[in-house]
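One structure is given below, encoded as structure tokens.
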Amino acid sequence: MKRCPSCNRSYTDASLNFCLEDGTPLVVDAPPPADPNATMRYPSPRDTAEPPATEIYRPDSPIITPTPITTPPPPISHQPPPQWSPTPTVAPKKKSNAIWWILGGLAAFAVIGIGLVVMVIALASMSNTNTNNSNNRNVNRNSNVTNTNTNTNVNTNTANTNTNGSGSNFSDDFTEQKWGTGSSGFG
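Going by my numbering, the first residue of the sequence shown is number 3, and it counts up by one from there.
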């Protein structure tokens with residue numbers, strides 16, 4: 003809220019900067035500090051003991067109402083009252099739901115039976131595959147001839163002579179299996 007210091011008018015529009023009456027720059031009114039412990043007073047009760055007096059409205063000119071045009075009532079004819087007869091109620095045809103329950107049960111059993119047959123066939127083919135893999139175990143043996151490399155050059159330098167008694171010729175012999183192999187069909 004803003005107020006004019008010269009004429010003490012207050013404006014609620016925050017976008018105004020000058021007084022609309024005298025052009026004085028407006029001052030921002032700080033709201034009073036809120037005291038949470040201040041005692042609040044109830045507003046005074048309304049006086050509802052006696053209602054105000056009723057005023058009667060009297061217009062200056064009288065209201066003219068058009069006179070209704072009366073039409074003679076139609077002649078009354080003496081006809082007998084219509085006879086009321088209820089239509090006979092036809093009992094609704096009751097449909098038998100038992101046949102649908104029986105057909106639904108048979109369909110459910112057929113689906114379960116087909117599922118069991120498929121599962122048994124799948125399990126049987128899996129066990130045949132496992133036994134075929136274990137029966138087709140191939141033993142691989144290396145039948146290569148052992149290669150031996152010998153140095154025919156004569157070295158007269160004794161500084162680098164091998165004094166190890168095992169010799170300088172090594173060969174790999176894979177005829178005896180010294181490593182682990184798996185039973186997987188993929189290697």
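Glycine is no exception: its CB is placed at the ideal position from the N, C-alpha and C atoms.
Spatial neighbours of residue i within its chain, please: C-beta separation below 7 Å, excluding the five flanking residues on both sides.
{"i": "E52", "result": "none"}
{"i": "T14", "result": "M3"}
Check whether the Cβ atoms of residue i and residue j lie closer than 8 Å to each other.
{"i": "D31", "j": "S12", "result": "yes"}
{"i": "P47", "j": "V29", "result": "no"}
{"i": "N19", "j": "P27", "result": "yes"}
Would you call residue i buried or exposed, if buried means 16 or more other Cβ atoms sit within 10 Å of its Cβ?
{"i": "K4", "result": "buried"}
{"i": "C21", "result": "buried"}
By Cβ distance, which residues of its chain are closer than 8 Å to residue i, with the 5 residues on each side in sequence left out?
{"i": "R88", "result": "For the record, residue 88 in the displayed sequence is Pro; it is not Arg. Excluding residues within five positions, none has a Cβ falling inside 8 Å."}
{"i": "P1", "result": "Past the boundaries of the shown model lies residue 1; the chain is included only from 3 to 189, so the question cannot be answered."}
{"i": "C9", "result": "C21, E23, D24 and T26"}
{"i": "P94", "result": "none"}
Within a Cβ cutoff of 6 Å, which residues of the same chain sit near residue i, ignoring the five residues on either side of it in sequence?
{"i": "R60", "result": "none"}
Would you say the beta carbon of residue i comes nearer than 7 Å to a heavy atom of the ligand GTP?
{"i": "D37", "result": "As far as ligands go, the structure on display features none, and thus does not contain the ligand GTP."}
Report task. At 3 residues or longer, and completely inside the region 97-129: list those beta strand (DSSP E) runs for me, N to C. Result -> The qualifying runs do not exist here; there are none.
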